[in-house]
Amino acid sequence: MSHLQVYIDQTRVLDYGDKVPPPNSKYIDIHNGTLPFTGRYLNISKSATSDYFLNICEVQVWECVDGYYGDDCQNTCRQCDVGAHCDKVTGQCTSNCAVGYYGPPCQKCGDGCDGDTCDPDGGCNCKPGYHQSEKCDQGCAGGYYGPSCQKCGAGCVGGTCDANGHCSCKPGYRQSDKCDQGCAGGYYGPSCQKCGAGCVGGTCDANGHCSCKPGYRCADGYYGPSCQKCGAGCVGGTCDANGHCSCKPGYRQSDKCDQGCADGYYGPSCQKCGDGCEGGTCDANGHCSCKPGYRQSDKCDQGCSSGYYGSSCEKCGAGCVGGTCGQNGHCSCTPGWQPGTCSRS
Numbered sequence: 001m002s003h004l005q006v007y008i009d010q011t012r013v014l015d016y017g018d019k020v021p022p023p024n025s026k027y028i029d030i031h032n033g034t035l036p037f038t039g040r041y042l043n044i045s046k047s048a049t050s051d052y053f054l055n056i057c058e059v060q061v062w063e064c065v066d067g068y069y070g071d072d073c074q075n076t077c078r079q080c081d082v083g084a085h086c087d088k089v090t091g092q093c094t095s096n097c098a099v100g101y102y103g104p105p106c107q108k109c110g111d112g113c114d115g116d117t118c119d120p121d122g123g124c125n126c127k128p129g130y131h132q133s134e135k136c137d138q139g140c141a142g143g144y145y146g147p148s149c150q151k152c153g154a155g156c157v158g159g160t161c162d163a164n165g166h167c168s169c170k171p172g173y174r175q176s177d178k179c180d181q182g183c184a185g186g187y188y189g190p191s192c193q194k195c196g197a198g199c200v201g202g203t204c205d206a207n208g209h210c211s212c213k214p215g216y217r218c219a220d221g222y223y224g225p226s227c228q229k230c231g232a233g234c235v236g237g238t239c240d241a242n243g244h245c246s247c248k249p250g251y252r253q254s255d256k257c258d259q260g261c262a263d264g265y266y267g268p269s270c271q272k273c274g275d276g277c278e279g280g281t282c283d284a285n286g287h288c289s290c291k292p293g294y295r296q297s298d299k300c301d302q303g304c305s306s307g308y309y310g311s312s313c314e315k316c317g318a319g320c321v322g323g324t325c326g327q328n329g330h331c332s333c334t335p336g337w338q339p340g341t342c343s344r345s
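Each residue of the sequence shown is one higher than the one before, starting from 1 at the first, in full-length UniProt numbering.
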């Protein structure tokens, strides 16, 4: 129906001209930016020169309740800040946007925005896995997939996969759509290395250890039919076929040097306890009580206190001026004491 015109109290508010309203349209939109229209009479004609063919003397106009907008008032103003309303036709917020939206016109922050929030221009810091861009709205970075940009499977060739996470698997990985099912039989470790050529049955445990075929031997630092690691205290990290070895200083003496630290030593590498430790011993962290003459510290390894000297922190001579002396015990003597260490009068 062309040349459709709508009047309210004889004021034309709509003129379709040669345009034809959509055939399945449920509404004739008379919104032109100057709502609300008020009037007693609404008239519709086919052209400016024809008589009205529809006259309505009383019109009841409905509008959406606060917080909703659109033709059927089915859309919520969820993009607007708490307590704010939106335009009941367009949905544009009348004040600030809700958290997670920016603008106007209150668009949703990018899916990749860290914390799902952004600044008033939409800028934000991107979550891991998302393509780095100002608004973090450019999808997943290479090596990530899906709506939440998960990391592609560790076994994917080239570290990349399609939008569903599917990829071709690298050698050594168990075959699956996403190559995320760990190592295939005969491979081990985080990068699915091949088990040793001498492994019985071609298989090994998660550390690559296995029983050796006849004629094969363990790698240096391992021993026995299942190639166990030599003791931590073995000199050079090596041992014989039975695991026996010479022990490094600080380790408790045993055939396999696997019994931890000897007394007076501590920690994973059996370091010596501090020289000032009472009894020469300390706990697993090296802490101990300090002998007299040593500077107080957790490990009693900070040298001598003032008034003491030498490798064993002996007391300075009784005649030393101020009670202090050098590293060799020499000092300036008070009158009546013999020069040197001032220990005799």
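Don't be surprised by glycine CBs; every beta carbon is placed ideally from N, CA and C. From a predicted model like this one, the values you see are computed outputs, not experimental measurements.
Do you know offhand how far residue 346's Cα is from Glu-63's? This structure cannot settle anything about residue 346, because the visible part of the chain is limited to 1 through 345.
Going by beta-carbon coordinates alone, are Cys-227 and Val-235 separated by less than 8 angstroms? On the sequence shown, position 227 is the one that residue 227 refers to. On the sequence shown, position 235 is the one that residue 235 refers to. For Cys-227 and Val-235, no; Cβs fall outside 8 angstroms.
Of all the options Gln-193, Gly-201, Gly-215, which has the alpha carbon lying nearest to the alpha carbon of Asn-207? By 1-based counting over the sequence shown, the position of residue 207 is 207. Among Gln-193, Gly-201, Gly-215, the Cα nearest to that of Asn-207 is on Gln-193.
Outcome for Lys-213 when other beta-carbon atoms lying within 10 angstroms are tallied against a minimum of 16: One-based indexing of the sequence shown puts residue 213 at position 213. So Lys-213 ends up on the exposed side.
Leu-4, enclosing beta strand (DSSP E) - first and last residue: Here residue 4 refers to the residue found at position 4 of the sequence shown. Premise fails: Leu-4 is in no beta strand (DSSP E) and is neither H nor E.
Buried or exposed: Gln-79, going by 16 or more other Cβ atoms within 10 Å of its Cβ? Locating residue 79 in the sequence shown gives position 79, where the first residue counts as 1. It is buried - the Cβ of Gln-79 has at least 16 other Cβ atoms within 10 Å.
Please classify Gly-319: is it buried, with 16 or more other beta-carbons within 10 angstroms of its beta-carbon, or exposed? Counted from its first residue, the sequence shown places residue 319 at position 319. Classification of Gly-319: buried, given that the 10 Å Cβ count is 16 or more.
Rounding to the nearest angstrom, what Cα-Cα distance links Cys-273 and Cys-210 in this structure? Translated into the one-based positions of the sequence shown, residue 273 becomes position 273. Translated into the one-based positions of the sequence shown, residue 210 becomes position 210. Roughly 38 angstroms between the two C-alpha positions.
Range covered by the beta strand (DSSP E) that runs through Asn-43: As a working mapping, residue 43 is identified with position 43 in the sequence shown. For Asn-43, the enclosing beta strand (DSSP E) stretches over residues 42-45.
Look up Glu-134 in the DSSP assignment and say whether it is helix, strand or coil. Against the sequence shown, residue 134 aligns to sequence position 134. It is coil, neither helix nor strand.
With distances taken between CB atoms, is the gap from Gly-303 to Lys-291 smaller than 8 angstroms? Here residue 303 refers to the residue found at position 303 of the sequence shown. Here residue 291 refers to the residue found at position 291 of the sequence shown. It is not a contact, given that the beta carbons lie outside the stated cut-off.
Kindly indicate which three-state DSSP category Gly-112 falls into: helix, strand or coil? For this step, residue 112 is matched to residue 112 along the sequence shown. It is coil, neither helix nor strand.
Exposed or buried, Asn-43, counting other C-beta atoms within 10 Å across all chains shown (16 or more means buried)? Position 43 of the sequence shown, counted from the start, is the residue given in the question as residue 43. Result: buried.
Comparing C-alpha positions only, which one of Lys-151, Asp-162, Asp-111, Gly-122 sits nearest to Gly-139? If you number the sequence shown from 1, residue 139 lands on position 139. Per the Cα distances, Asp-111.
Would Gly-153 be called buried (16 or more neighbouring beta carbons within 10 Å of its own) or exposed? Reading the sequence shown from its first residue, position 153 is the one you call residue 153. Its Cβ being crowded by 16 or more others within 10 Å, Gly-153 is buried.
Are the Cβ atoms of Cys-239 and Tyr-223 separated by less than 8 angstroms? Here residue 239 corresponds to residue number 239 of the sequence shown, with the count starting at 1. Here residue 223 corresponds to residue number 223 of the sequence shown, with the count starting at 1. Yes, they are a contact pair.
Residue nearest to Ser-148 in terms of C-alpha spacing, selected from Cys-136, Ser-168, Cys-156, Arg-12: Mapped onto the sequence shown, residue 148 falls at position 148. The residue with the shortest Cα to Cα distance from Ser-148 is Cys-136.
Measure from the alpha carbon of Ala-163 to the alpha carbon of each residue in Gly-198, Cys-113, Tyr-145, Ala-141, then state which is nearest. Along the sequence shown, read from residue 1 onward, the residue named residue 163 stands at position 163. Checking every option, the nearest Cα to that of Ala-163 belongs to Tyr-145.
Please classify Thr-341: is it buried, with 16 or more other beta-carbons within 10 angstroms of its beta-carbon, or exposed? Taking the first residue of the sequence shown as 1, we reach residue 341 at position 341. Counting Cβ neighbours within 10 Å, Thr-341 comes out buried, since at least 16 surround it.
Helix, strand or coil at His-330 according to DSSP, with G and I counted as helix: For the purposes of this step, residue 330 is identified with residue 330 of the sequence shown, where counting begins at 1. DSSP, read as helix, strand or coil, puts His-330 in coil.
Does the distance from the C-beta atom of Tyr-308 to that of Cys-300 stay below 8 angstroms? Here residue 308 corresponds to residue number 308 of the sequence shown, with the count starting at 1. Here residue 300 corresponds to residue number 300 of the sequence shown, with the count starting at 1. Their beta carbons are not under 8 angstroms apart, which means Tyr-308 does not touch Cys-300 by this criterion.
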